[in-house]
Amino acid sequence: MPLQEYEALVNRSEALILATNLAGEDSQTAFANGIRLLRGDHPEILLPAARQLATKYPSDARMHQLHGLAARAAQHSGEACGAFGIAARLAPGDPLIAHSQARSALEAGWNSLALFEKAAALAPQDGSVLLGLAAARLHDQSAQAAVEMLDALIEANPLWIDGHRDLARVRAQLGLDPGASLSKALRQHPSEAELHFLKIAIALEAANPEHAQLAIQEAKSRLGENPRLTLLEAHVYSELGNVTKADRLFATLEGDQSIAVASLYARHLLRAGQPDRATLLLEPLVAEDYDHLLWPYLSLAWRLTGSAEWAQQEGDDSFVGVYDLADRIKDLEGLIDHVRRLHFGTAQPLDQSVRGGTQTDGNLLLREDAAVKELRSLIVETVEHHVAQLPPHIGPHPTRIQDRSPIRFSGSWSVRLQDAGFHTDHVHSKGWVSSALYLALPPTVTDGSSGRCEPHAGWLSLGESRDLVPQLEPLRLIQPKVGRLVLFPSSMWHGTRPFPSGERMTIAFDIARPTQDQSGN
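The sequence shown begins at -13 in the numbering used here and counts up by one.
Following this line, the structure appears as structure tokens:
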């Protein structure tokens, strides 16, 4: 039975009962109920029972598969790879198990190329497997090997949107034109709408609104007028500073109450100096903002209008935590050298705040390297302490949620800035708590005002959005120190000040917002 056909749970108390009973069930029922637990987002509850089931049914590939699925969802990459490895030996022709083993090995930071090649042989038309194979080439061979593979696949399949997207991201980090494959595909398929929209998106992710504007005009010439293009065109005019044209285009969309339209329109209204209108737009929608796209803009609007609501939203001092961990990291220099070697790029990535630097690929803190595993344990302990002291639940609120466990990483990476590099002011809509852990710093960052440096060179700025509302002062400026971990709400605007020279390397991560128990238990 396909996994999506199993009924999902929504209730933690039900999950605890179901997991307790798994060990006494026959293998078919246990597997089905284990999948229900996974679909209800309870892998940590399932994992002990799944280990028992794998021992109870050592010759049943499904039980080892279930163990691997639970471990992977609970972010134990090495354990997941081991469990999938046993399942693959028992069911060598199962393409899903082969892909799962390869994917968990990649996440663990192990050589995964041979595993992905096996998975691709079993499922040669599966796009997600082929993208994994390209990622394995990037990690185990070189970025150029990944580019060459994706180039060849896209040459044969020019309408493969996911392939174009991944190729653009690798090319960008090598300093190459990220949209080259899309331009070529559009010469063959000039009326293919999704190719046009991805080309526009890639230009925006590359922080190049001029190129996005050209891509929009090209799309309009082939597709005609439609609301999606109108929204993108309005957004691009706003980013280019043409308030009049952006106003006119956004006005044609005012009947659309979708979150996507509201987020871009609110961004424009703030830039245009109209926070009152942004507040009126956002307040009725924010309770339904499940992807947390609107909260950051509403916070700015409340601050600008002097609303008392802002203090509850971001004004509590406990939302920001500064933790000096250098003395608790056993081999800090070894960790720094290890992380530095993981940077493969020569240019900044797409769709990120990095300017003048590089970023690692994959979810860094899921790796099984000894140095990373030790750091991960220390980070989880610190995050647990931090979220425990946050103010009590009040809803809706992006930070003061009710259920605050388990602690999982929705993303983690390292950024290496050099010679005047910085982060633009931004937010992390997919996170709950975000971070900066400082590993390497130039001497100028440790001095807030001396010499030829601007004040606070290289410092972390919280609550500032200089592109949209340059008149707002930061809520807080935090001096980096090696081994210092700063935690703050993912919905809070943050960026960094440029520094004149040297290397500034960090590890950053987002803690995923835990699923909220609908039963209230």
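All C-beta atoms in this analysis are idealised placements derived from N, C-alpha and C, irrespective of residue type, glycine included.
1. Given this structure, state the Cα-to-Cα distance separating T501 from I387, to the nearest angstrom.
2. Where do the ends of the alpha helix (DSSP H) carrying W296 lie?
3. If you count every other CB in all the chains shown that lies within 10 Å of the CB of A100, and 16 or more means buried, which is it?
4. According to DSSP, Q130 sits in a beta bridge with which residue or residues?
5. Just curious, the beta strand (DSSP E) that I497 is in, first and last residue?
6. Name the one or two DSSP bridge partners that R470 has.
7. With a threshold of 8 Å on Cβ separation, who are the neighbours of I202 within its own chain once the five nearest residues in sequence on each side are excluded?
8. In whole angstroms, what is the alpha-carbon distance linking M(-13) and F17?
9. Tell me whether the beta-carbon of R483 lies closer than 8 Å to the beta-carbon of S447.
10. Rounded to whole angstroms, how far is the Cβ of Q334 from the Cβ of G343, which I believe are closer than 8 Å?
11. Just checking: is the beta-carbon of D405 within a distance shorter than 8 Å of some beta-carbon in chain B?
12. Going straight from the alpha carbon of T368 to that of V419, what length do you get?
13. Using beta-carbon positions only, say whether R22 and L4 come within less than 8 Å of one another.
14. Would you tell me roughly how many angstroms separate the C-alpha atoms of S435 and L454, rounded to the nearest one?
15. Using a Cβ distance threshold of 8 Å, determine whether the stretch 370 to 378 contacts the stretch 351 to 361, with at least three qualifying pairs required.
16. Output the distance between the C-alpha atoms of I380 and R470, rounded to the nearest integer angstrom.
17. In this structure, how does DSSP classify H50 when only helix, strand and coil are distinguished?
18. Is the Cβ-Cβ distance between V196 and D337 less than 8 Å?
19. Taking three-plus beta-carbon pairs below 8 Å as touching, is the stretch 275 to 282 in contact with the stretch 257 to 266?
20. Tell me the residue span of the alpha helix (DSSP H) that contains G71.
21. What do you reckon, are the CB atoms on I464 and W479 nearer than 8 Å?
22. Q338 by DSSP, collapsed to three states: which one?
23. Hey, which unbroken runs of the beta strand (DSSP E) at 3 residues or more fall wholly within the stretch 371 to 458?
This is what the structure gives:
1. Counting from one through the sequence shown, the residue named residue 501 turns up at place 515. Counting from one through the sequence shown, the residue named residue 387 turns up at place 401. Going from the Cα of T501 to the Cα of I387 covers about 10 Å.
2. If you number the sequence shown from 1, residue 296 lands on position 310. Here the alpha helix (DSSP H) through W296 covers 295 to 300.
3. As a position in the sequence shown, residue 100 is number 114, starting the count at 1. That one is exposed.
4. Working through the sequence shown from its first residue, we reach residue 130 at position 144. None; Q130 has no bridge partner.
5. By 1-based counting over the sequence shown, the position of residue 497 is 511. Element bounds for I497: 489 to 497.
6. To locate residue 470, count along the sequence shown from 1; it is residue 484. Under the DSSP definition of a beta bridge, R470 partners with D310.
7. Within the sequence shown, the letter at position 216 stands for residue 202. Once the five neighbours on either side are set aside, the close Cβ partners of I202 are I186, L215, L218, E219, V222.
8. Numbered from its first residue, the sequence shown carries residue -13 at position 1. Numbered from its first residue, the sequence shown carries residue 17 at position 31. Confidence at M(-13) is low in this model, with a pLDDT of 38, below 50, so its placement is unreliable and the value that follows should be read with caution. Straight-line Cα distance between these residues: approximately 11 Å.
9. By 1-based counting over the sequence shown, the position of residue 483 is 497. By 1-based counting over the sequence shown, the position of residue 447 is 461. For R483 and S447, yes; Cβs fall inside 8 Å.
10. Residue numbering aside, residue 334 sits at position 348 when the sequence shown is read from its first letter. Residue numbering aside, residue 343 sits at position 357 when the sequence shown is read from its first letter. In this structure Q334 touches G343 by the C-beta definition: roughly 6 Å separates them, less than 8 Å.
11. Going by chain labels, chain B is absent from the structure shown, which holds only one protein chain.
12. Your numbering for residue 368 matches position 382 in the sequence shown. Your numbering for residue 419 matches position 433 in the sequence shown. If I take the Cα positions, the gap works out to 12 Å.
13. In the sequence shown, the residue the question calls residue 22 occupies position 36. In the sequence shown, the residue the question calls residue 4 occupies position 18. The Cβ atoms of R22 and L4 sit closer than 8 Å to each other.
14. Reading the sequence shown from its first residue, position 449 is the one you call residue 435. Reading the sequence shown from its first residue, position 468 is the one you call residue 454. The predicted position of S435 is uncertain, since its pLDDT is 46 and thus under 50; a value taken from the coordinates is nonetheless stated next. About 26 Å.
15. No, the stretch 370 to 378 does not touch the stretch 351 to 361.
16. In the sequence shown, counting from the first residue as 1, residue 380 sits at position 394. In the sequence shown, counting from the first residue as 1, residue 470 sits at position 484. I380 and R470: Cα-Cα distance of roughly 30 Å.
17. Walking along the sequence shown from the start, residue 50 turns up at place 64. DSSP, reduced to helix, strand and coil, places H50 within a helical segment of the structure shown.
18. Here residue 196 refers to the residue found at position 210 of the sequence shown. Here residue 337 refers to the residue found at position 351 of the sequence shown. Contrary to the premise, residue 196 reads as Glu rather than Val in this sequence. If you check the CB distance, E196 and D337 do not come in under 8 Å.
19. Taking 8 Å as the limit for Cβ pairs, the verdict is that the stretch 257 to 266 does not touch the stretch 275 to 282.
20. On the sequence shown, residue 71 is found 85 positions in, with the first residue counted as 1. Run containing G71: 63 to 76, per the alpha helix (DSSP H) assignment.
21. One-based indexing of the sequence shown puts residue 464 at position 478. One-based indexing of the sequence shown puts residue 479 at position 493. Not in contact: I464 and W479 (Cβ atoms no closer than 8 Å).
22. Numbered from its first residue, the sequence shown carries residue 338 at position 352. Note: Q338 maps to coil in three-state DSSP.
23. If we require 3 residues or more, the beta strand (DSSP E) runs fully inside the stretch 371 to 458 come out as 395 to 409, 419 to 426, 446 to 448.
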